[in-house]
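Quick note on numbering that gives the first Met the number 0: the sequence shown kicks off at 0 and runs consecutively.
Even glycine gets a Cβ: it sits at the ideal position worked out from N, Cα and C.
Below is one structure, written out as structure tokens; comments come after it.
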Amino acid sequence: MNGEQLRYFALAYRLESFSAAAKRIPMSPQGLTKAVRSLETELGVPLFLTAASGKLEPTPYAAELMDFVNDYRIRFAQLTNSFEAIRKHESHEVNVGIGLGILGYLGPGFIKRFNEQHPEITLRYEELNDKACDEGLKRGKYDLALCVTPFDPDFLCEQLYCTNMCFWVSKSNPLSERDVLTIKDFDGEGVALPGQDFKCFEYLQSRAVDAGVEFSEVFASAEIFRLFEYARMGKGLGFSAQHLVDMPLFKEDESVVGIPLEGATWGFGIACQPTNSLNDDAQAFFDYCVENVPKRGQE
């Protein structure tokens with residue numbers, strides 16, 4: 000009994016047809032049937048009967064074997080992950096997912112300084128949208144992730160930074176006179192947001208629905224300059240955060256102001272899977288982040 004035989008059996012069990020399972024692989028129906036019959040001979044039990052309709056009918060033995068296959072797949076995945084953890088430990092490799100916008104706050108020297116302090120560690124990182132970052136950590140693609148809040152409840156997290164969620168507003172818009180925006184101020188306004196794969200998009204949409212607010216349009220872009228430009232052109236309100244509003248690059252343009260949204264924050268932290276204990280190299284990056292992320296903003 001081998002993994003290929005079990006894969007052929009599982010497909011035939013799910014599709015109730017040798018020919019349909021063979022097309023999915025792909026291979027000849029005769030070859031797949033022979034592999035399953037060989038498995039029956041090895042186990043000494045019948046796995047399938049053929050109904051009058053021509054469909055395969057799994058026997059009780061097949062149901063037991065299917066439970067075994069499901070357990071086998073889980074255990075094999077765990078084994079593969081364990082092997083990968085050993086390989087990364089031996090090579091001193093750490094894989095990190097980073098939500099878009101976080102490195103912009105941390106600055107270009109943040110990763111470089113870690114590499115200088117830990118030349119023995121190979122740090123591989125990838126910047127991606129909020130949802131993909133969380134999903135990559137869940138699937139084990141990353142050892143650690145710098146995730147945007149709110150955190151997935153399944154993660155172990157250390158919050159590193161939190162500040163006001165703001166929106167850029169053109170001085171030509173009467174809302175620019177406000178000290179703080181409320182969600183009601185968005186009614187009938189156009190809004191520029193990073194997009195559906197970012198948590199701020201889902202957050203603002205949810206608040207709008209709860210308040211009975213309707214946007215005149217939603218412009219989506221992951222480029223922060225396009226969100227600023229959307230507001231500067233007077234098309235509506237452009238998503239931002241306090242540290243971006245305070246950057247000279249944006250602040251020097253007097254035709255736009257950045258205003259906090261009441262009760263809204265943007266932040267991030269370092270996260271890992273509670274089921275995966277960090278090796279020394281991953282722990283070194285975790286500790287570096289906790290100790291070195293600038294703590295500007297509001298806690």
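N-terminal and C-terminal residue of the alpha helix (DSSP H) that Val-212 is part of: For Val-212, there is no enclosing alpha helix (DSSP H), as DSSP gives it neither H nor E.
For Thr-162, write down the residues that DSSP places opposite it in a beta bridge. In the DSSP output, where bridge partners are listed per residue, Thr-162 has Trp-265.
May I ask you to verify whether the segment 116–131 touches the segment 81–100, counting CB pairs closer than 8 Å and requiring at least 3? Cβ pair count under 8 Å is three or more, so yes.
Is it true that the segment 257–271 meets the segment 145–160, where meeting means three or more beta-carbon pairs spaced less than 8 Å apart? Proximity of the segment 257–271 to the segment 145–160 meets the contact definition, three or more beta-carbon pairs being nearer than 8 Å.
What is the DSSP secondary structure of Gln-297, counted as helix, strand or coil? Per-residue confidence for Gln-297 stands at a pLDDT of 40, beneath the threshold of 50, marking its modelled position as unreliable; the derived number appears in the next sentence. In this structure, Gln-297 counts as coil in the three-state DSSP scheme.
So does the segment 210–224 actually touch the segment 178–187, counting three or more Cβ pairs closer than 8 Å? Contact holds between the segment 210–224 and the segment 178–187, because three or more Cβ pairs, one in each stretch, are under 8 Å apart.
Neighbourhood of Val-179 by C-beta distance below 8 Å, restricted to the same chain and skipping five residues each side: Once the five neighbours on either side are set aside, the close Cβ partners of Val-179 are Ile-258, Pro-259, Leu-260 and Glu-261.
Compute the beta-carbon to beta-carbon distance between Ile-110 and Leu-145, rounded to the nearest angstrom, for a pair I have assumed lies under 8 Å. Contact flag wrong, Cβ pair sits at about 11 Å.
Among the candidates Asn-1, Gly-187, Leu-159 and Glu-41, whose CA atom is the shortest distance from the CA of Gly-235? For the residues Asn-1, Gly-187, Leu-159 and Glu-41, the minimum Cα distance to Gly-235 belongs to Gly-187.
According to DSSP, Ile-97 sits in a beta bridge with which residue or residues? Per DSSP, Glu-126 and Leu-145.
On a Cα-Cα basis, can you pick out the residue from Glu-56, Arg-231, Val-147 and Ser-239 that is closest to Ile-223? Taking only the C-alpha atoms, the option nearest Ile-223 is Ser-239.
Can you list, in chain order, the stretches of the alpha helix (DSSP H) that have 4 or more residues and sit fully within the segment 174–247? Within the segment 174–247, the complete alpha helix (DSSP H) runs of at least 4 residues are 198–210, 223–231 and 241–244.
Tell me whether the beta-carbon of Ala-221 lies closer than 8 Å to the beta-carbon of Gly-194. Their beta carbons are under 8 Å apart, which means Ala-221 touches Gly-194 by this criterion.
Do you know how far the Cα of Arg-74 is from the Cα of Gly-108? Cα to Cα, the separation comes out at about 41 Å.
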